[in-house]
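Q: Residue numbers (this note's numbering), protein chains in the order written: chain R, 5 to 311; chain U, 5 to 311; chain S, 5 to 311; chain Z, 5 to 311.
So that we are looking at the same thing, I have put the structure below in structure tokens.
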């Protein structure tokens with residue numbers, strides 16, 4: 005079972021509890037907050053059995069025929085880990101990588117929400133597994149990478165694409181919101197990924213940034229501080245890890261991305277499958293010609309005007 | 005009395021205590037660490053009385069004559085707060101601002117260490133006061149600015165120049181070191197400064213960065229993540245506060261700065277008094293022509309090759 | 005015949021003649037210099053006939069078998085124009101694009117020098133043609149694009165990769181060398197390419213830059229001024245042409261590129277075929293996710309330390 | 005006499021004549037255009053004599069009393085050369101430098117237009133002289149600096165602030181307009197200034213840029229190409245000349261500047277006198293703490309939204 009009990013926790017009380025508090029004890033203070041316990045949960049690869057009645061036979065046929073062409077070209081690509089699997093980019097990247105032959109490991113706070121995606125990929129003949137992981141907790145991230153390596157092997161490609169944004173003027177931003185933006189997660193994930201990859205001197209780490217990685221816009225403190233910091237991380241990592249065989253790249257998405265809620269006639273969006281292709285291209289670069297940073301936006305968008 | 009008891013605390017035990025810990029309590033976890041209690045302590049302005057025997061009469065004469073010329077031009081400039089007063093730049097800035105007529109408020113973790121500087125400034129005819137403050141604790145920073153405004157008035161100029169750097173390859177950096185680099189302090193100080201200044205639509209906030217504000221060099225993760233984040237803060241603050249009358253500026257020091265330990269023949273250093281002048285120039289800019297970012301380095305240095 | 009008579013012109017006299025001169029005629033001056041006449045010459049597509057004895061039969065077999073796999077996947081990709089075809093990157097890009105199914109048009113000052121390359125591509129089953137063109141002369145560039153469109157059709161992809169560099173300290177740089185760096189060529193080529201592409205609202209223009217596109221290093225005036233200017237051109241073009249369906253991208257090569265003279269054990273070089281792939285990836289991006297700028301360098305190189 | 009005969013030349017004919025033309029002569033081509041002959045003309049320093057009736061006595065009194073305070077602090081500052089003296093920034097800078105004690109040398113295409121300014125400065129007790137010079141002609145710039153050094157001495161400060169902008173989409177920009185943007189002038193002026201200053205290992209060269217130095221906006225090709233190139237020049241010069249004692253700095257004016265035509269209630273403009281102060285501050289920096297680049301804009305403007 006991989007449900008997190010805290011999902012049913014009242015949201016308002018939760019907000020109160022997760023705030024940093026401080027208790028002064030003479031010359032020392034105890035600084036503390038409460039967090040949801042996110043144990044790393046597995047949801048191991050499975051090939052669903054259509055006879056089991058888990059899925060409608062017609063839907064299955066449709067999916068199968070749609071994915072036939074891709075399958076024929078499918079190679080053994082090894083393990084790809086995606087940390088932060090949102091409904092737009094995360095889903096598209098998972099499908100793209102699975103279609104390309106990767107064994108896709110998906111990690112999110114709540115692994116249950118990834119069940120449908122794992123099922124879809126599996127039905128199309130791909131390999132996928134979901135893990136619950138809190139990317140901002142060191143132990144959780146370490147446990148994730150230990151499990152992944154044990155279950156699937158050392159990852160070849162790790163993509164970090166968690167983003168959270170609470171708008172607000174600087175004078176109104178609370179400390180908790182400020183720290184939320186600090187992207188400890190990208191550090192923890194990149195560090196663990198690097199530690200797994202280094203013995204083989206091989207692998208790709210992609211950090212996904214946004215317009216706020218480049219410009220600190222009014223009202224975007226909480227996003228920009230974290231995204232600037234992540235860009236620093238990407239630069240340091242590239243200089244430290246490229247010479248040891250690990251390709252670290254920073255993708256700056258200066259775009260809104262379509263998902264199920266996007267109105268069909270709203271053209272100024274990036275199709276997440278196309279951004280997924282950019283990530284795949286970076287992974288496929290031979291080491292004689294690696295890219296460290298590339299931006300992406302749709303043709304009909306203004307430059308550097310997004311979050 | 006403004007001694008912090010924790011100063012006498014054994015360093016090894018302290019290192020252990022200040023590490024983040026986590027206690028899992030069913031669906032919740034308690035995340036905690038211990039911190040030194042830094043109460044904001046005052047060290048109010050005082051004009052030392054030479055007759056009191058607090059200072060040698062000869063030394064006094066020397067200082068007085070040296071500062072005579074500056075004094076004659078001294079204007080009423082209002083209150084300037086310096087958060088982070090190191091032996092190089094912090095001291096020089098304090099002297100420069102005091103000579104220029106500012107009432108200088110110095111804030112550091114340990115106010116006692118600022119006593120000598122307060123005394124020097126006072127003897128030269130300037131006004132200075134020292135406060136103990138932990139810039140990374142929200143309550144401490146809030147208390148500092150409340151006290152300063154109550155004791156001296158709303159600050160006209162606030163300079164944040166705390167920097168700490170623990171070198172290390174990314175794969176070896178610990179979470180505590182990573183978070184140490186995150187410069188929560190510059191956010192807390194800038195936010196409090198802005199809140200005090202906004203009702204008067206006037207004031208200058210200067211954030212001091214370094215080479216690592218612009219480039220993520222190998223081995224500099226902990227510095228670069230914080231400095232990139234601080235630059236994001238400076239950009240957001242400028243866009244939010246300039247139109248409300250507050251001048252926010254980012255000074256990038258791409259230099260080593262001389263202090264007492266610098267060998268006299270090591271010329272490739274910036275004189276901190278000259279950097280202090282850059283800060284003063286920024287503060288004096290009329291609002292029709294404000295600068296948001298300027299770099300500083302000595303004439304005989306390579307560009308962008310420092311920390 | 006497409007030999008340029010001026011090739012046999014003595015170099016020293018030529019140097020004298022191509023310098024700007026000025027003749028004052030009362031209130032007016034005549035400013036002039038001499039240039040080689042570069043007429044746009046064609047070298048139209050041809051499939052060499054092995055029976056003709058133009059090429060050794062064994063060599064032909066080797067080339068054919070080597071290119072067999074690529075050929076089977078070859079699609080109709082349309083016309084690609086490469087302006088500036090050096091022995092490293094230019095040759096590799098020509099081969100890569102031809103293998104991928106493009107009809108490759110090569111343009112250089114001296115079309116004769118491209119004969120061998122056209123022959124190689126043709127023998128491998130690809131399509132190629134060479135044109136002589138002086139990219140710095142407006143009439144020459146206009147004539148090139150008229151001919152190309154008439155002979156082959158509107159280009160789908162145009163790559164500008166001319167680079168010339170004369171090192172020297174600013175105080176010693178002569179005006180002619182300074183102007184040589186100004187890359188009028190990238191403007192002329194991009195403008196003509198855009199004019200051809202706009203009626204179809206389709207096409208890709210790639211401008212190839214270098215480290216000196218980003219940093220003005222000591223001794224690199226002549227290169228940096230032109231490369232900075234070309235980056236400005238790329239930014240303006242992207243903002244003007246993306247919304248009209250033309251993908252403009254800037255590739256920053258922060259690397260030395262291998263060619264025939266590169267010692268085999270000198271590893272810190274980019275393989276030009278790998279950089280060619282980056283160009284091809286940019287061309288293949290769907291318009292919902294276009295990249296405007298990407299850097300490329302080998303894994304074992306220092307960042308931003310090249311020309 | 006310092007009138008240029010060509011001033012009376014019909015504008016339409018002139019436009020035709022100054023276009024580049026090409027005459028093919030067998031293997032060679034003659035590339036040529038006509039230019040106005042701009043001889044470097046002097047307008048040497050003079051202290052106007054009020055008794056001569058050249059100026060109204062009342063006006064004189066007003067100007068004198070207004071400038072009294074400044075005069076009392078006036079030091080000997082040496083020679084400052086301003087190349088490009090527009091009605092906004094150029095005039096303000098000339099006044100500011102003269103008030104500060106510099107002997108101000110003004111250079112523009114048409115020295116006659118500077119007569120009024122020279123007179124104003126002289127009446128206020130300052131020293132000024134005007135020279136006619138075409139900054140885009142090598143001989144003209146060389147002659148200017150020879151004359152200035154002979155007449156006044158080696159310049160301590162040289163400011164280049166010529167800007168010309170012809171808006172237009174890239175596909176419509178003509179070669180002449182493109183080349184006009186290339187700012188050969190800033191190279192010629194900086195090179196001559198450096199050659200004069202180097203023997204004394206002393207001096208400041210300030211290149212004035214704009215928003216288009218940093219971003220290539222739609223419609224701004226002609227401006228951006230030149231301004232990006234000038235920024236490259238500034239970066240190269242700084243790395244080459246700082247270690248030899250010459251301070252080179254780049255000032256990015258991201259602002260509209262007020263002049264006589266600016267409506268009084270249009271507040272979002274920079275006062276040119278305030279920008280002049282930024283230039284003066286740069287010149288006064290001691291060599292242990294030099295700035296290479298600083299931006300300037302008014303408090304109530306959007307960032308990076310100008311030409």
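The beta carbon of each residue, even a glycine, is placed where N, CA and C say it ideally should be.
Spatial neighbours of residue 196(R) within its chain, please: CB distance less than 8 Å, with the 5 preceding and 5 following residues excluded, ordered by chain position.
A: Same-chain partners within the cutoff: 145, 146, 148, 149.
Q: Evaluate residue 138(R) with the Cβ neighbour count: other Cβ atoms within 10 Å of its Cβ, from every protein chain shown; 16 or more gives buried, anything less gives exposed.
A: When all chains shown are included, residue 138(R) counts as buried.
Q: Using a Cβ cut-off of 8 Å, which residues of the segment 206-233 of chain Z contact any Cβ in chain S, in chain order?
A: Those would be 216, 219, 220, 221, 222, 223, 224, 225, 228, 229, 230, 231, 232, 233, in chain order.
Q: Indicate the three-state DSSP secondary structure (helix, strand or coil) for residue 174(R) in the structure shown.
A: Reduced to three states, the DSSP call for residue 174(R) is helix.
Q: Can you give the beta carbon distance from residue 134(Z) to residue 102(Z), rounded, assuming they're within the 8 Å contact cut?
A: Residue 134(Z) to residue 102(Z), Cβ: 13 Å. No contact.
Q: What is the DSSP secondary structure of residue 303(R), counted as helix, strand or coil?
A: Residue state, collapsed to three classes: coil.
Q: By Cβ distance below 8 Å, which residues in the same chain neighbour residue 182(S) in space, the five residues on each side in sequence not counted?
A: 225, 226, 229, listed in sequence order.
Q: Could you please give me the residues that DSSP links to residue 163(U) through a beta bridge?
A: Partner(s): 86(U), 210(U).
Q: Are the Cβ atoms of residue 239(Z) and residue 213(Z) separated by less than 8 Å?
A: Their beta carbons are not under 8 Å apart, which means residue 239(Z) does not touch residue 213(Z) by this criterion.
Q: With a threshold of 7 Å on Cβ separation, who are the neighbours of residue 305(Z) within its own chain once the five nearest residues in sequence on each side are excluded?
A: Excluding residues within five positions, the ones whose Cβ falls inside 7 Å are 259, 272.
Q: Can you find a CB in chain U that lies within less than 8 Å of the CB of residue 308(Z)?
A: It does not: the Cβ of residue 308(Z) has no partner Cβ on chain U nearer than 8 Å.
Q: Below 8 Å on the Cβ atoms is my guess for residue 85(U) versus residue 122(U); work out the distance and round it to an integer in Å.
A: At roughly 14 Å, the Cβ-Cβ gap does not stay under 8 Å, so residue 85(U) and residue 122(U) are not in contact.
Q: Counting only C-beta atoms, is residue 169(Z) closer than 8 Å to chain S at any point?
A: Answer no: the Cβ-Cβ gap between residue 169(Z) and chain S never drops below 8 Å.
Q: Among the residues of its own chain, which have a CB less than 6 Å from the CB of residue 96(U), if the five just before and after it don't count?
A: These residues qualify, in order along the chain: 276, 277, 280.
Q: Thinking C-alpha only, which one of 266(S), 252(S), 263(S) is nearest residue 286(S)?
A: Closest option to residue 286(S), Cα to Cα, is 252(S).
Q: If we define contact as Cβ-Cβ less than 8 Å, is residue 337(U) a contact residue for chain Z?
A: Missing from the structure shown is residue 337(U); chain U here goes from 5 to 311 and no further.
Q: When you check each C-beta in the segment 275-290 of chain U against every C-beta of chain Z, which residues fall closer than 8 Å?
A: Of all residues in the segment 275-290 of chain U, 275, 278, 279, 281, 282, 285, 289, 290 have a Cβ within less than 8 Å of some Cβ in chain Z.
Q: Considering only their Cβ atoms, is the gap separating residue 208(S) from residue 237(S) smaller than 8 Å?
A: The answer is no: Cβ separation not under 8 Å.
Q: Residues of chain S with CB under 7 Å from residue 301(R), in chain order?
A: Those are 294, listed as they occur along chain S.
Q: Does DSSP put residue 25(U) in a helix, a strand or coil?
A: In this structure, residue 25(U) counts as strand in the three-state DSSP scheme.
Q: Can you tell me where the alpha helix (DSSP H) with residue 237(U) in it begins and where it stops?
A: That run of the alpha helix (DSSP H) goes 225-245.
Q: Within 8 Å of any Cβ in chain Z, is that where the Cβ of residue 247(U) sits?
A: Answer yes: the Cβ-Cβ gap between residue 247(U) and chain Z drops below 8 Å somewhere.
Q: Identify which residue in 159(R), 167(R), 180(R) has its Cα closest to the Cα of residue 205(R).
A: The option with the nearest alpha carbon to residue 205(R) is 159(R).
Q: Who are the near neighbours of residue 245(S) in its chain, counting only those whose CB is closer than 7 Å to its CB and skipping five residues on each side?
A: Only 198, 252 meet the Cβ criterion.
Q: Determine the chain U residues that contact residue 162(R) at a beta-carbon separation under 8 Å, and present them in chain order.
A: The contacting residues do not exist; residue 162(R) stays about 14 Å from chain U at best.
Q: Would you please verify whether the beta carbon of residue 142(Z) is less than 8 Å from any beta carbon of chain S?
A: Answer yes: the Cβ-Cβ gap between residue 142(Z) and chain S drops below 8 Å somewhere.
Q: On the CB-based measure, 16 or more other CB atoms within 10 Å of its CB, does residue 120(S) come out buried or exposed?
A: Residue 120(S) comes out exposed.
Q: State the DSSP-derived secondary structure class of residue 152(R), mapped to helix, strand or coil.
A: Helix, per DSSP.
Q: Is residue 112(S) near residue 83(S), with beta carbons less than 8 Å apart?
A: Cβ distance not < 8 Å, so residue 112(S) and residue 83(S) don't count as in contact.
Q: Quick check on the burial criterion: 16 or more other C-beta atoms within 10 angstroms. Buried or exposed for residue 100(R)?
A: That one is buried.
Q: In whole angstroms, give me the CA-to-CA distance for residue 334(R) and residue 215(R).
A: Given that chain R is displayed from residue 5 to residue 311, the structure contains no residue 334(R) and the question cannot be resolved.
Q: In chain U, what lies closer than 7 Å to residue 36(R) by C-beta?
A: By Cβ distance, chain U contributes 34, 35, 36.
Q: In the DSSP assignment, find the unbroken alpha helix (DSSP H) run with residue 287(R) in it and report its ends.
A: That run of the alpha helix (DSSP H) goes 276-288.
Q: Under 8 Å, CB to CB, which of the residues in the segment 172-188 of chain S have a partner in chain Z?
A: The residues in question are 173, 174, 175, 177, 179, 182, 183, 186, 188.
Q: Hey, how far is the Cα of residue 114(U) from the Cα of residue 80(R)?
A: Near 60 Å, if we compare the C-alpha coordinates of residue 80(R) and residue 114(U).
Q: Please list the partners that residue 244(S) has in chain Z, where partner means a Cβ-to-Cβ separation under 9 Å.
A: Here the neighbours are 173, 174, 175, 222, 223, 225.
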